[in-house]
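J.:
Residue numbers (our numbering): 3 to 386.
#1: For residue 283 and residue 289, what's the separation of their Cα atoms in angstroms?
#2: To which residues of the same chain is residue 253 closer than 7 Å at the C-beta, ignoring the five residues directly before and after it?
#3: Are there three or more Cβ pairs, one per stretch, closer than 8 Å when the stretch 312–328 is compared with the stretch 260–276?
#4: Does the separation of the CB atoms of residue 242 and residue 277 fall below 9 Å?
#5: Please determine if the stretch 155–162 and the stretch 111–125 are in contact, where contact requires at least 3 C-beta pairs separated by less than 8 Å.
#6: Kindly identify the DSSP beta-bridge partner or partners of residue 104.
#7: Can you tell me where the beta strand (DSSP E) with residue 114 in it begins and where it stops?
#8: Taking buried to mean at least 16 other C-beta atoms within 10 Å of its own C-beta, is residue 78 buried or exposed?
#9: Are the stretch 107–120 and the stretch 132–152 touching by the rule of at least three beta carbon pairs closer than 8 Å?
#10: With a CB to CB cut of under 8 Å and the five nearest residues on each side skipped, what residues in its chain are close to residue 90?
#11: Measuring straight from C-alpha to C-alpha, what distance separates residue 74 and residue 155?
#12: The alpha helix (DSSP H) that contains residue 29, what's its start and end?
#13: What do you get for residue 322, buried or exposed, if any count of 16 or more other CB atoms within 10 angstroms of its CB means buried?
#14: Which residue's Cα is closest to the Cα of residue 287: 249, 182, 223?
#15: Mind checking who residue 109 pairs with in its DSSP beta bridge?
#16: Applying the criterion that 16 or more other CB atoms from any shown protein chain within 10 Å of the CB defines a buried residue, is residue 15 buried or exposed?
#17: Please report whether the beta-carbon of residue 324 lies at a distance below 9 Å from any beta-carbon of chain D.
#18: Under 7 Å Cβ to Cβ from residue 273, same chain only, skipping five residues before and after it: list those, please.
#19: Applying the 10 Å Cβ sphere with the 16-neighbour rule, what's the burial state of residue 72?
#20: Count Cβ pairs between the stretch 54–73 and the stretch 364–379 that sit closer than 8 Å; are there 3 or more?
#21: Buried or exposed: residue 6, going by 16 or more other Cβ atoms within 10 Å of its Cβ?
#22: What does the Cβ neighbour count give for residue 96, buried or exposed, with the cut at 16 atoms within 10 Å?
#23: Using DSSP with H/G/I as helix, E/B as strand and the rest coil, what is residue 47?
#24: Where does residue 243 sit, in a helix, a strand or coil, going by DSSP?
#25: Please look up how many angstroms separate the CB atoms of residue 169 and residue 344, rounded, as I've assumed it's under 8 Å.
#26: Just verifying my parser: in three-state terms, what is the DSSP assignment at residue 9?
#27: In its own chain, which residues sit with a C-beta less than 8 Å from the C-beta of residue 80, not counting the 5 before and 5 after it?
#28: Do you know how far the Cα of residue 192 is from the Cα of residue 29?
#29: Using beta-carbon positions only, say whether residue 303 and residue 17 come within less than 9 Å of one another.
#30: For residue 379 and residue 177, what's the separation of their Cα atoms in angstroms?
#31: Give the DSSP-derived three-state secondary structure of residue 329 in the structure shown.
#32: Rounding to the nearest angstrom, what Cα-Cα distance links residue 202 and residue 165 in this structure?
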């Protein structure tokens with residue numbers, strides 16, 4: 003009991019405050035975007051988000067208080083999680099629910115979730131284990147073998163997500179994987195070659211890996227006025243909503259707005275375009291505060307990575323932090339037309355129970371890395 007109390011006191015309370023402050027703000031934002039909807043299920047979803055937040059709270063603290071080395075440095079847990087994510091992705095291909103043209107949701111009884119989100123975290127954990135345990139592989143052929151081993155882990159889930167097709171979840175892998183390879187001290191020249199190969203494959207993926215509506219999204223991103231009543235409608239309404247908010251916004255739960263009048267589609271205003279709703283209601287001041295909170299969360303994650311006691315902790319912290327940054331950047335970016343519309347949710351803010359729980363699990367891992375960063379009476383002696 004004393005050990006548990008000391009761990010609680012040793013937590014990074016900045017991370018705790020940011021995580022749950024953002025999550026609670028997310029519940030309020032969801033309520034404000036949906037409370038006037040005629041559909042009963044939309045009027046209730048903020049309550050469901052609270053239930054998931056409570057579940058996430060339990061998972062966050064449970065994960066934080068358990069020494070990450072006990073279950074991450076052993077390949078069993080990352081491998082089981084990886085195989086589980088792979089299995090769910092394969093199952094989704096056959097019995098998954100199609101939403102907006104992508105067969106990406108899996109329903110088990112009353113519970114539905116996107117296996118791609120689980121697969122990303124599982125793959126990063128397994129990659130971190132592999133890179134940690136092959137750190138002594140030096141020289142040309144051993145480095146190539148190290149990279150190919152990573153590719154063998156990444157390729158199966160990534161391709162299964164691509165054929166759904168879920169472009170957004172495919173894209174969020176790229177910065178996280180590069181961050182892991184960089185921190186794992188893969189020489190920069192190899193990373194440059196990988197980047198060149200990836201760029202060369204973009205036309206192939208665009209022509210054969212994407213559906214027509216996804217190509218339309220990319221075209222609309224380059225020119226939103228090309229089809230203002232069709233493919234360009236959502237992004238144009240998002241820009242109008244954010245711009246009309248001015249500096250201080252129209253007010254929390256304000257009526258007669260782009261959001262409440264339904265100009266932003268009601269099926270996505272509380273998920274993919276929650277940032278647009280916040281921009282209209284709270285204005286530039288509110289969105290700037292939200293961006294600053296996410297920046298603080300990312301900087302906190304990087305500081306945890308910098309103080310990690312071992313390479314495994316450092317790699318996992320960098321991977322999780324990069325995932326959070328990429329999701330936030332892509333979601334906010336698509337609402338203001340600096341990134342294509344890809345359906346990537348805003349962490350801790352967008353409606354989605356399973357994603358919220360996974361994000362809080364990842365933040366719990368970060369907290370565990372922080373708590374167990376030093377040797378003391380609570381922690382075992384530092385290992386090298």
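We treat Cβ as the ideally placed atom computed from N, Cα and C, and that holds for glycine. Because the structure is a prediction, the values reported are computed rather than measured.
T.: In short:
#1: 10 Å
#2: Result list for residue 253: 283, in chain order.
#3: no
#4: Cβ distance not < 9 Å, so residue 242 and residue 277 don't count as in contact.
#5: yes
#6: 101
#7: 113–115
#8: Classification for residue 78: exposed.
#9: no
#10: 108, 117, 120, 121
#11: If I take the Cα positions, the gap works out to 16 Å.
#12: 15–36
#13: The residue in question, residue 322, is buried, as its Cβ has 16 or more Cβ neighbours within 10 Å.
#14: 249
#15: The beta-bridge partner set that DSSP reports for residue 109 consists of 114.
#16: exposed
#17: Considering every chain present, this structure includes no chain D. It has just one protein chain.
#18: 347, 352, 353, 354
#19: Residue 72 is classed as exposed because its beta carbon has fewer than 16 other beta carbons within 10 Å across all chains shown.
#20: yes
#21: exposed
#22: exposed
#23: helix
#24: Residue 243: helix per DSSP, three-state reduction.
#25: 5 Å
#26: In this structure, residue 9 counts as helix in the three-state DSSP scheme.
#27: 74, 124, 127, 128, 130, 131
#28: 43 Å
#29: Yes, the pair counts as a contact, with Cβ atoms nearer than the cut-off.
#30: Only weak support exists for where residue 379 lies, its pLDDT of 34 falling under 50; the value from the coordinates is given anyway. Their Cα atoms are separated by approximately 37 Å.
#31: helix
#32: Answer to the nearest angstrom: the Cα atoms are 19 Å apart.
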